[in-house]
Structure formats: C-alpha cells, structure tokens
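Q:
There are 2 protein chains.
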Amino acid sequence: MALEHAILVSLSERAGSGYELARRFEKSIGLFWSATHQQIYRVLKRMEEAGWVAVETVAQDGRPAKKVHTVSETGRAELRRWLAEPDASAGPQELAVKLRGASFGDEQAVAEELSRHRRAHAERLDAYRQIEKRDFPSPAGLHGRALHQYLVLRGGIRAEEGQVEWFDEVLTALRTNPAPPTEKDAR
Amino acid sequence: MALEHAILVSLSERAGSGYELARRFEKSIGLFWSATHQQIYRVLKRMEEAGWVAVETVAQDGRPAKKVHTVSETGRAELRRWLAEPDASAGPQELAVKLRGASFGDEQAVAEELSRHRRAHAERLDAYRQIEKRDFPSPAGLHGRALHQYLVLRGGIRAEEGQVEWFDEVLTALRTNPAPPTEKDAR
DNA sequence: GGTTGCACTGCACCTAGTTGCATAGCACCC
DNA sequence: GGGTGCTATGCAACTAGGTGCAGTGCAACC
Numbered sequence: 007m008a009l010e011h012a013i014l015v016s017l018s019e020r021a022g023s024g025y026e027l028a029r030r031f032e033k034s035i036g037l038f039w040s041a042t043h044q045q046i047y048r049v050l051k052r053m054e055e056a057g058w059v060a061v062e063t064v065a066q067d068g069r070p071a072k073k074v075h076t077v078s079e080t081g082r083a084e085l086r087r088w089l090a091e092p093d094a095s096a097g098p099q100e101l102a103v104k105l106r107g108a109s110f111g112d113e114q115a116v117a118e119e120l121s122r123h124r125r126a127h128a129e130r131l132d133a134y135r136q137i138e139k140r141d142f143p144s145p146a147g148l149h150g151r152a153l154h155q156y157l158v159l160r161g162g163i164r165a166e167e168g169q170v171e172w173f174d175e176v177l178t179a180l181r182t183n184p185a186p187p188t189e190k191d192a193r
Numbered sequence: 007m008a009l010e011h012a013i014l015v016s017l018s019e020r021a022g023s024g025y026e027l028a029r030r031f032e033k034s035i036g037l038f039w040s041a042t043h044q045q046i047y048r049v050l051k052r053m054e055e056a057g058w059v060a061v062e063t064v065a066q067d068g069r070p071a072k073k074v075h076t077v078s079e080t081g082r083a084e085l086r087r088w089l090a091e092p093d094a095s096a097g098p099q100e101l102a103v104k105l106r107g108a109s110f111g112d113e114q115a116v117a118e119e120l121s122r123h124r125r126a127h128a129e130r131l132d133a134y135r136q137i138e139k140r141d142f143p144s145p146a147g148l149h150g151r152a153l154h155q156y157l158v159l160r161g162g163i164r165a166e167e168g169q170v171e172w173f174d175e176v177l178t179a180l181r182t183n184p185a186p187p188t189e190k191d192a193r
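Which chain is which? The protein sequence lines are A and B, in order.
Numbering follows the working numbering, in which position 2 of the first sequence is assigned residue number 8; successive positions increment by one, without gaps.
Numbering follows the working numbering, in which position 158 of the second sequence is assigned residue number 164; successive positions increment by one, without gaps.
(1) Are the beta-carbon atoms of histidine 154 (chain B) and alanine 108 (chain A) separated by less than 8 angstroms?
(2) Under 8 angstroms between C-beta atoms, does phenylalanine 142 (chain A) make it to chain B?
(3) Is it buried or exposed for alanine 179 (chain A), if we count other Cβ within 10 angstroms and need 16 for buried?
(4) Would you mind listing the alpha helix (DSSP H) stretches within the segment 95 to 142 of chain B that are 4+ residues and don't spill past its ends, in chain order?
(5) Per DSSP, glutamate 62 (chain B) forms a beta bridge with which residues?
(6) Should serine 121 (chain B) be labelled buried (16 or more other beta-carbon atoms within 10 Å of its own) or exposed?
(7) Could you check what DSSP says for glycine 57 (chain A) in three-state terms: helix, strand or coil?
(8) Give the DSSP-derived three-state secondary structure of glycine 22 (chain B) in the structure shown.
(9) For the alpha helix (DSSP H) containing leucine 148 (chain A), list its first residue and its last residue.
(10) Could you tell me the distance, in whole angstroms, from the CA atom of glutamate 138 (chain A) to the CA atom of glutamate 32 (chain A)?
(11) Label glycine 68 (chain A) either buried or exposed according to how many other C-beta atoms from any shown protein chain fall within 10 Å of its C-beta, with 16 as the threshold for buried.
(12) Whose Cβ in chain B lies nearer than 7 angstroms to the Cβ of glycine 22 (chain A)?
(13) What's the gap between the Cα of leucine 157 (chain B) and the Cα of leucine 9 (chain B)?
(14) When the Cα atoms are used, what is the spatial distance from glutamine 136 (chain B) to arginine 160 (chain A)?
(15) Is the distance from the Cβ of proline 98 (chain B) to the Cβ of glutamine 169 (chain B) below 8 angstroms?
(16) Can you tell which of A:Pro186, A:Gly150, A:His75, A:Ser95 has the C-alpha that lies nearest to the C-alpha of glycine 147 (chain B)?
(17) What in chain A is Cβ-close to phenylalanine 38 (chain B), meaning under 9 angstroms?
(18) Go to tryptophan 39 (chain B), then tell me how far its alpha helix (DSSP H) extends in each direction, as first and last residue.
(19) Does the distance from the C-beta atom of serine 16 (chain A) to that of arginine 30 (chain A) stay below 8 angstroms?
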C-alpha cells in the first residue's frame, strides 16, 4: 500500500510523532486511507533505519515524551522519486496521495502519471460498456439473477465514469493553474 | 475480504475446481475482486473442512484430474446468513458480491443492507461537501498545495456521489422488478 | 525431437496489516 | 479513593494475501 509514501507526504506537510500521524490518518488522510498506530510505528522505524526521517525526542510536561519525525533530504529525494515513478497497479488512494504530495516533487510528472491512469480507466470503461451492450441489450424487464449481474456491471461502469471525469477535472485544473516555478527552476 | 463468500457465490452459480475459480476471478468477478490460485486453494481447503463445500475428484483424459467443489447445504445456509447480515465495514466489492449473490438468499435483506450503506455514503458525501464549502469557497484561483488538496477532496466527493447514485439505481430496480416468489415462499 | 504452453495441484516463505495487551503519568469526574 | 480517558510508545501473536517454486502430463508448434 506504499504507506511509507503517504507518511512522507504527511510529514512533509508537517513534522510529527507516530501518535499524531495516527490521528491525522483517522481524519483528513484517513478518509481514504486507514492505518493503525501499530503499523505507523513499525513503518516509521523502518523509515528511520533507511534514513528517510530524522527523529528528535521532545520532552513534554504532563505527558510522555514524543518522538518527532522530520523528513530528511534522503526522504525528500525518495518522495520525489516515487512521485515521478509510473505505477500501473496504483489505485485511487495511491493516486490521491501522489496528487496531494505533488508540490513536494514534480507536478508535471504527477500529471503525466494521472494521464496514463486516465487512459487505462477509459479503456476499462469501454470494455464494460461493450459487455453491457452485448449481454444486456434491453435491461428493462430483467429480474432475479440476471438483474443482479446487470446491476453489478452498472456499478463498475459508474465507478469508471466517475474516475475518468475526476481525472479530467484534475488535469484541466493543473493545466489552467500550474504550480508557480520554484527557485530551483528559475536558476 | 470475505473471499469465502465470493467463492460461495461463484460456486453457487456453477460448481468448479480451484483452477477454474482462479480463472473466473481473473475475469468476471475479478474485474472488481482479485485472488491468486494459491489463496483460492487455501480457502477452498478451509471451506471443505468447515463442510461448506463437497469435493469430488474428476478424472479427465489428457489432463490432470481436477477437484470439483460443490456448495453443500451447510454452505448454502452460511451464504444466506452472510447475505442477510449487516456489515457496516463492507466496501463496494463486498456489496457487489452480496448483490450478485442475492438470488441465493433473501433479496429483500440484501436490499436493506444496500439501503443502510446508501445512507452512510450520503452522510459522508454531505460531510465532504461541507468541508468543500468551508475550506474552498472560491476554488477558481487555487494552485500548488491548496489546489492539490482541493482536487483530492473533489475525488472523494465524486466517488461518494457515484456510490449514492448507484445505490439508488439498484434499489429502484429491485423495487420495480423484485425477484419472483420462490416455491418456499409460496408454501 | 525439443521447446513452449496449458491444465491442475500444492508447499514454503515473505510482507502487510490487525488485535490484544502492557506500561506510565496526568487530568477530570463522582 | 476509584474509575475513565487521553497522550504516548511498543511487544507478541495472528490473519490475509502474494510470490516463488515445483511437479505432472498432454498438445501443438517448428
């Protein structure tokens, strides 16, 4: 599930402890991605060992000390790498994480990845529609098993339509309002 | 993921070997549910031990013998139980399996389960729309990080809209063309 | 006659992720 | 004085699922 990268995005937005991350994942990010504190602690440890994050223990009064994790330069590089890397098996959640993290890497590369996925979903949608035409030319009178199968197919069609429309909305918006050039680009 | 029940539905439609199931899951069912042959073999074994399926080894000429799995009365009972059982944590795939298998149990109970989920998705959609109104009152000029976050939220909204519309299509169709009464009901 | 591919089963190992529990101090309520 | 609940970390055990590999026998291709 590439939880590592979701955490990199979240920590890039704001440094935090495992506990804080767990709470963020319950809310904003967790609306479309769930992770228990256990999983987060384990992944954070792995990321620390890999040098993606730096850890600083911060004492607090009245509560246990927390370990604040900050993304290191190595981590930033890894995030940039992952953002630009094509991944045909990525699902909507992964793509949402990539989009959400696009400003920490190359927005244009993320747009291209989304464009590739748009094509794949459009093809699948087309395949579904052909099945619909072939197997259910007149769905009005269906009932029982055939109706159920038809309705499941309709669900697939609706899901793919929604996906494709979303990709179009995203790609249009990114083209209309691209990220401002960074200092690096300006040099 | 309740692979057991997806297999029960598939085997109820037609008895088959592990290999055949694996190929079905690549196609029709696998459009929205994937499973490797390994996982299927393991689950079939478990189901056999639980008495949900009966196994018959069928010799074939020119190819290895296959083990044809047939759903037993215990398995049919389990499927009926699962179909009627409310499950708040069920995702679209699980619900699609329930719908696809509805004719092997109580169609009305499945409709009620779908109706419950419709409500949950409608509530989540509402919550998303409020976030949209509050945090992005005028999205036209957004760019960079804020734009990315807005577009992810738009994805959530579109997904929930699509879900709710699908539930409505299904519930309307089931109400308009309900399953014909079974012999059991007629008694 | 050798390679490739398909049908069919299964073992062994690995990864990701969940659940249950433990610890520990403080705050707040009754 | 005791229960509940929050912040904060972590271990141990379990489940689900994927990957890699292996064997058998036939058919079809070149």
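Beta carbons: idealized from backbone N, C-alpha and C, even for Gly.
Model, not experiment: these values are computed from the prediction.
A: This is what the structure holds:
(1) Indexing the second sequence from 1 puts residue 154 (chain B) at position 148. Indexing the first sequence from 1 puts residue 108 (chain A) at position 102. Yes, they are a contact pair.
(2) As a working mapping, residue 142 (chain A) is identified with position 136 in the first sequence. By this cut-off, phenylalanine 142 (chain A) is not an interface position.
(3) Mapped onto the first sequence, residue 179 (chain A) falls at position 173. The residue in question, alanine 179 (chain A), is buried, as its Cβ has 16 or more Cβ neighbours within 10 Å.
(4) The qualifying runs are 98 to 106, 113 to 141.
(5) For the purposes of this step, residue 62 (chain B) is identified with residue 56 of the second sequence, where counting begins at 1. Partner(s): B:Val74.
(6) Here residue 121 (chain B) corresponds to residue number 115 of the second sequence, with the count starting at 1. Per the 10 Å Cβ criterion, exposed.
(7) Along the first sequence, read from residue 1 onward, the residue named residue 57 (chain A) stands at position 51. Here glycine 57 (chain A) sits in coil by DSSP.
(8) Translated into the one-based positions of the second sequence, residue 22 (chain B) becomes position 16. Glycine 22 (chain B) falls in the strand class under three-state DSSP.
(9) Translated into the one-based positions of the first sequence, residue 148 (chain A) becomes position 142. Where leucine 148 (chain A) is concerned, there is no enclosing alpha helix (DSSP H), given that its DSSP letter is neither H nor E.
(10) Translated into positions along the first sequence, residue 138 (chain A) becomes position 132. Translated into positions along the first sequence, residue 32 (chain A) becomes position 26. Glutamate 138 (chain A) and glutamate 32 (chain A): Cα-Cα distance of roughly 38 angstroms.
(11) One-based indexing of the first sequence puts residue 68 (chain A) at position 62. So glycine 68 (chain A) ends up on the exposed side.
(12) The residue you call residue 22 (chain A) lines up with position 16 of the first sequence. Those within 7 angstroms of glycine 22 (chain A) in chain B number zero; the least Cβ separation is about 17 angstroms.
(13) Numbered from 1 along the second sequence, position 151 holds the residue referred to as residue 157 (chain B). Numbered from 1 along the second sequence, position 3 holds the residue referred to as residue 9 (chain B). Spanning the alpha carbons of leucine 157 (chain B) and leucine 9 (chain B) requires a straight line of approximately 33 angstroms.
(14) Numbered from its first residue, the second sequence carries residue 136 (chain B) at position 130. Numbered from its first residue, the first sequence carries residue 160 (chain A) at position 154. Answer to the nearest angstrom: the Cα atoms are 29 angstroms apart.
(15) Residue numbering aside, residue 98 (chain B) sits at position 92 when the second sequence is read from its first letter. Residue numbering aside, residue 169 (chain B) sits at position 163 when the second sequence is read from its first letter. Cβ distance < 8 angstroms, so proline 98 (chain B) and glutamine 169 (chain B) count as in contact.
(16) Start at 1 with the first residue of the second sequence, and residue 147 (chain B) comes out as number 141. For glycine 147 (chain B), the nearest C-alpha among the options comes from A:Pro186.
(17) On the second sequence, position 32 is the one that residue 38 (chain B) refers to. Correct list: Val158, Gly161, Gly162, Ala165.
(18) Locating residue 39 (chain B) in the second sequence gives position 33, counting from the first residue. Per DSSP, tryptophan 39 (chain B) lies in no alpha helix (DSSP H) segment and is marked neither H nor E.
(19) Locating residue 16 (chain A) in the first sequence gives position 10, where the first residue counts as 1. Locating residue 30 (chain A) in the first sequence gives position 24, where the first residue counts as 1. Yes, they are a contact pair.
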